[in-house]
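Engineer: Residues 342 to 585 in this note's numbering are what the sequence shown lists, from first letter to last.
Glycine included, C-beta positions come from ideal geometry on N, C-alpha and C.
Before we start, here is the structure in question, set down as structure tokens.
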Amino acid sequence: MNAAVEGRCVLCRALVQFETGVVPDDGSLRETLRCPRCGCIARQRAVAAMLLDMPARQRARTYLTEQASTLYVALRRRMPGLLGSEWAPSPWRRLRLSAWLWRHRALARVRHQDVTALHFADARLDVVASLDVLEHVPDYAAALREFARVLRPGGRLLLCVPFMPGHEGIETLARTDADGRLVHLQPPEYHGDPMGGGVLCWHRFGLGLLQALRDAGFREAEALPVQDPEAGLPQPVWVISALR
342 MNAAVEGRCV LCRALVQFET GVVPDDGSLR ETLRCPRCGC IARQRAVAAM LLDMPARQRA
402 RTYLTEQAST LYVALRRRMP GLLGSEWAPS PWRRLRLSAW LWRHRALARV RHQDVTALHF
462 ADARLDVVAS LDVLEHVPDY AAALREFARV LRPGGRLLLC VPFMPGHEGI ETLARTDADG
522 RLVHLQPPEY HGDPMGGGVL CWHRFGLGLL QALRDAGFRE AEALPVQDPE AGLPQPVWVI
582 SALR
């Protein structure tokens, strides 16, 4: 199906026709409805809407767990102090990703960060936003603890994952054994990487993610269906919001 949805993009603030492109079998539009001006898709715009709705002083120190992305480029225009990073231990990969940023007029160098061992000091940040990263982290609980550690009391985590609201637990798809070898517990599932290649999915998250966030040190955690037809979000996009 190639249809269009009219609305105003929360990021570039233009009135546009969001293109659905190819809709997956489950009918979800979270990976579609791309803005033709800034390039951001539904899930990116849903998180951005929540972030930009916060008072500026409450999001002064915001860290996004991606950097070579259309979301980072678009948000940085609205939030000049935005911090970002990529999983890029190789200097050559960081250089390649930085070149992508420069081509998109975002004059910043890509930083390498491991979300299970962040370089930020304790209570350094106001907001952490992470989109479709957690399911690709073998030790997701360590990442949640790090998000809690670097947020100030009263800080907020905005988390987007492929979320199953009708599922109670957290499903593990793969793990490593005592020798560090990869063990698939179900047929391998790979998700597309916008910078090339596929990335293994280790987990599928249901409502158990909310308790995992509380266990990691967050005071409150809730799953919010973000929907706004006038902003090109005709379907709910699940965003997890957790208060430190």
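#1: I want to see whether chain B comes within less than 9 Å of H525, judged by CB atoms only; does it?
#2: Measuring straight from C-alpha to C-alpha, what distance separates G547 and P503?
#3: Is it buried or exposed, E571, if we count other Cβ atoms within 10 angstroms and call 16 or more buried?
#4: Could you work out which residue in L554, Q527, L424 is closest to C542 when comparing CA atoms only?
#5: Just reading off the beta strand (DSSP E) that S582 is part of, what are its end residues?
#6: Can you tell me which of the three DSSP states V357 falls into?
#7: With a 10 Å radius around its C-beta and 16 neighbouring C-beta atoms as the bar for buried, classify L485 as buried or exposed.
#8: How many angstroms separate the CA atom of A489 from the CA atom of T406?
#9: With DSSP as the reference, please indicate the residues paired to L492 in a beta bridge.
#10: Do Y531 and L466 have their C-beta atoms within less than 9 Å of each other?
#11: Hey, how far is the Cα of V357 from the Cα of V578?
#12: Please say whether L472 and L554 have beta carbons closer to each other than 9 Å?
#13: Counting beta carbon pairs with one atom in the segment 410-421 and one in the segment 440-448, are three or more of them shorter than 8 Å?
#14: Between which residues of its own chain and V567 is the CB-CB distance below 6 Å, once the five residues before and five after are set aside?
#15: Please classify R560: is it buried, with 16 or more other beta-carbons within 10 angstroms of its beta-carbon, or exposed?
#16: Within a Cβ cutoff of 8 Å, which residues of the same chain sit near P494, ignoring the five residues on either side of it in sequence?
#17: Since G507 contacts C350 with CB under 8 Å, what's their CB separation in whole angstroms?
#18: Could you name the residues that DSSP lists as bridge partners for F559?
Structural biologist: On the basis of the coordinates in this document:
#1: No chain B appears in this structure, which consists of one protein chain only.
#2: Within the sequence shown, numbered from 1, the residue matching residue 547 stands at position 206. Within the sequence shown, numbered from 1, the residue matching residue 503 stands at position 162. Taking the straight line from one Cα to the other gives about 9 Å.
#3: Sequence index remark: in the sequence shown, residue 571 carries index 230 (1-based). Classification for E571: exposed.
#4: Mapped onto the sequence shown, residue 542 falls at position 201. In terms of CA proximity to C542, Q527 leads the group L554, Q527, L424.
#5: Within the sequence shown, numbered from 1, the residue matching residue 582 stands at position 241. DSSP places S582 in the uninterrupted beta strand (DSSP E) bounded by 574-584.
#6: If you number the sequence shown from 1, residue 357 lands on position 16. Under the three-state reduction of DSSP output, V357 falls in the strand class.
#7: Translated into positions along the sequence shown, residue 485 becomes position 144. Taking a 10 Å sphere around the C-beta of L485, we find 16 or more other C-beta atoms and assign the residue as buried.
#8: Counted from its first residue, the sequence shown places residue 489 at position 148. Counted from its first residue, the sequence shown places residue 406 at position 65. So the alpha carbons of these two residues sit roughly 14 Å apart.
#9: The residue you call residue 492 lines up with position 151 of the sequence shown. DSSP output for L492 lists L466 as bridge partner(s).
#10: Here residue 531 refers to the residue found at position 190 when the sequence shown is read from its first residue. Here residue 466 refers to the residue found at position 125 when the sequence shown is read from its first residue. If you check the CB distance, Y531 and L466 do not come in under 9 Å.
#11: In the sequence shown, residue 357 corresponds to position 16, counting from 1. In the sequence shown, residue 578 corresponds to position 237, counting from 1. If you take the alpha carbons of V357 and V578, they lie about 19 Å apart.
#12: Taking the sequence shown and counting its residues from 1, one reaches residue 554 at position 213. Taking the sequence shown and counting its residues from 1, one reaches residue 472 at position 131. Inclusion of L554 and L472 in the CB contact set at 9 Å is not warranted, their separation being larger than that value.
#13: By the Cβ test, the segment 440-448 is in contact with the segment 410-421, since at least three Cβ pairs between them sit closer than 8 Å.
#14: For the purposes of this step, residue 567 is taken as residue 226 along the sequence shown, with counting starting at 1. Result list for V567: A387, V578, V580, in chain order.
#15: Your numbering for residue 560 matches position 219 in the sequence shown. Per the 10 Å Cβ criterion, exposed.
#16: By 1-based counting over the sequence shown, the position of residue 494 is 153. The answer, listed in chain order, is A464, R585.
#17: For this step, residue 507 is matched to residue 166 along the sequence shown. For this step, residue 350 is matched to residue 9 along the sequence shown. Between G507 and C350 a beta carbon distance of about 30 Å is seen, past the 8 Å cut, so the two are scored as non-contacting.
#18: What you label residue 559 is simply residue 218 of the sequence shown in a count that begins at 1. The bridge partners DSSP lists for F559 come to none.
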